[in-house]
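Here's the structure, in structure tokens; my notes come after.
Protein chains: 2
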Amino acid sequence: MPKTSDKRERLIEAAKGLIHQQGFHRTTLADIAKKSGVPLGNVYYYFKTKEEIGEAVIQERKKKLTGTLDLCCKQVDPKAALKKLVKYVSRGSDEVAEKGCPNASLCQELDKNHSSLADSADECMRVMIDWASDQFKALGYADPNRMGFEFVARLQGAMLLGHALHDPKCIRRHMNALCEWIDGLNDVPVQRKIT
Amino acid sequence: MPKTSDKRERLIEAAKGLIHQQGFHRTTLADIAKKSGVPLGNVYYYFKTKEEIGEAVIQERKKKLTGTLDLCCKQVDPKAALKKLVKYVSRGSDEVAEKGCPNASLCQELDKNHSSLADSADECMRVMIDWASDQFKALGYADPNRMGFEFVARLQGAMLLGHALHDPKCIRRHMNALCEWIDGLNDVPVQRKIT
DNA sequence: GTCTATAATACGATAGAC
DNA sequence: GTCTATCGTATTATAGAC
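Listed in order, the protein sequences are those of chains A and B. Using the numbering used here, you'd call the opening residue of the first sequence number 1 and step up by one each time. Using the numbering used here, you'd call the opening residue of the second sequence number 1001 and step up by one each time.
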């Protein structure tokens, strides 16, 4: 039986937008049904529970994040990769100032109770930190995890404050400062294996 | 008529804890009533709506934040004040790793829709940024707002990631790094008025 | 001021016709 | 696969006795 409908995709897309705007708990299935144009009762053919929709949205976000990170570190040196991610955040600063970072919002909202959703949301943050750590490792730093954490903390902290202040400009300003920080980092002599 | 009951305080205290753990929307009036030992129907004698309880909790948090900040900058130089706040965050890292920063959580959760609660929560973040900016101003920096923003972004970013990773140690590690950053800042010659 | 009982509604989920 | 109608429950809020 060929795929005749894109309802599942439409539901996920609608849920993604609504959850970013309103949060998971304030977003009702009726909201999602209405926005996606799928009748409420039909939603349950595609997702057994509301939580399943949330999981699908988070997996979608994770996929997009992974794709972005892959793009950032293709064919370029680690410093350029880190700065590429910073520029990416800069470009999205208007939406972030309005609605917050979608991944961070979910971490904060979901980790409050104990659904499996919480772990999925947290995993997105971990992916980002690990990626950043890998870049610093490639740069030869002895403490790449510490550097990666600091880098992502500054990214996420700026998005959080930009959201609280409703000010995209201060996000971009801080992203510029982050780029300068990266540029100013001392080059570390990399240990190369002699073969 | 003298105050004969501490019910109002008990309600706020219970709400504060529950909201930190579960978030505002997942916390029901029944939860608050039960935890505080006040019957559900009686809650409405003290607060007309759930939102009013939220407002009271946020004002309480703001008061505590202001008190903490005041304590940090009493009788000490600005660098010491900033580091004192960093140490304060370090000491609370276990709770933050478990439940997140209470102020940041509220900013993220409430700013999604448009209640007046959102503005109150955001105001807490602004208070912190302004305070930090004042410290950098006192240090003689030409761009105290930028420095204050960076400082708080790193604080909040670390708390956010520590919560996502469920790891208080990485918060403390980053707080140490923040202290070193402050120590390493160049002293700026302060313009003094000649009288 | 206090508390029980309950109204009013919103929401997740299901039944069952088509 | 699709959709309407509706159930069951949770939750905010109120009515009204004490």
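Where is the CB? At the ideal position from N, CA and C, for every residue including glycine.
Of the candidates Leu-1185(B), Tyr-1141(B) and Glu-1123(B), Glu-1123(B) places its Cα closest to the Cα of Gln-1059(B).
At least one beta carbon of chain A lies nearer than 7 Å to the beta carbon of Lys-1112(B). Taking a Cβ-Cβ cut-off of 9 Å, Cys-179(A) has no neighbours in chain B, whose nearest Cβ is about 13 Å from it. Sequence-ordered contacts of the segment 107-132 of chain A with chain B read Cys-107, Gln-108, Glu-109, Asp-111, Lys-112, Asn-113, Asp-122, Met-125, Arg-126 and Ile-129 [C-beta pairs closer than 7 Å]. Rounded to the nearest angstrom, the gap between the Cα atoms of Ala-80(A) and Phe-149(A) is 18 Å.
By a beta-carbon distance limit of 8 Å, Glu-1109(B) contacts His-1025(B). Their separation comes to about 7 Å. Rounded to the nearest whole angstrom, the C-alpha separation of Ser-1090(B) and Pro-1039(B) is 38 Å. Excluding its 5 nearest sequence neighbours in each direction, Val-152(A) has C-beta neighbours in its own chain below 7 Å: Met-128, Ile-129 and Ala-132, listed in chain order. For Val-1043(B), the uninterrupted alpha helix (DSSP H) run begins and ends at 1040-1046, by DSSP.
Rounded to whole angstroms, the Cβ separation of Pro-1078(B) and Gln-1156(B) is 20 Å, and the two are not in contact under 8 Å. For a Cβ distance threshold of 8 Å, residue set Phe-149 of chain A lies close to Cys-1170(B), ordered along the chain. Here the segment 1009-1028 of chain B makes contact with the segment 1106-1121 of chain B; the two share three or more CB pairs at distances below 8 Å.
Counting C-beta pairs closer than 8 Å gives fewer than three between the segment 1162-1180 of chain B and the segment 166-181 of chain A, which falls short of the contact rule.
According to the DSSP assignment, Asp-122(A) belongs to the alpha helix (DSSP H) that extends over 116-138.
DSSP, reduced to helix, strand and coil, places Tyr-141(A) outside both helices and strands of the structure shown, so it counts as coil.
The distance from the Cβ of Tyr-46(A) to that of Leu-11(A) is about 6 Å, consistent with a contact at the 8 Å cut-off. Gly-1100(B) carries a coil assignment under DSSP once its states are collapsed to helix, strand and coil. Close partners of Ser-1105(B) in chain A (Cβ separation under 7 Å): Gln-108.
If you draw a straight line from the Cα of Leu-71(A) to the Cα of Leu-29(A), it is about 34 Å long. Interface annotation for the segment 1002-1023 of chain B against chain A: Gln-1021, Gln-1022 and Gly-1023, criterion Cβ-Cβ distance under 8 Å.
Chain A has a Cβ within less than 7 Å of the Cβ of Ala-1153(B). Following the DSSP letters along the chain, one finds Asn-176(A) inside the alpha helix (DSSP H) bounded by residues 168-184. Each of Glu-1052(B), Asn-1186(B) and Gly-1100(B) was checked against the Cα of Ser-1115(B), and the nearest Cα belongs to Glu-1052(B). CA-CA distance, Glu-1055(B) to Ala-142(A), rounds to 47 Å.
For the segment 44-77 of chain A, the set of residues with a beta-carbon nearer than 7 Å to any beta-carbon of chain B is empty.
Going by DSSP, His-1020(B) is part of the alpha helix (DSSP H) stretching over 1007-1022. Contact annotation for Arg-1173(B) against chain A: Arg-146 [CB-CB distance below 7 Å, chain order].
Ala-1033(B) is the residue among Ser-1005(B), Ala-1033(B), Arg-1008(B) and Lys-1007(B) whose C-alpha sits nearest the C-alpha of Leu-1018(B).
Here DSSP, grouped into helix, strand and coil, assigns Gly-1067(B) to helix.
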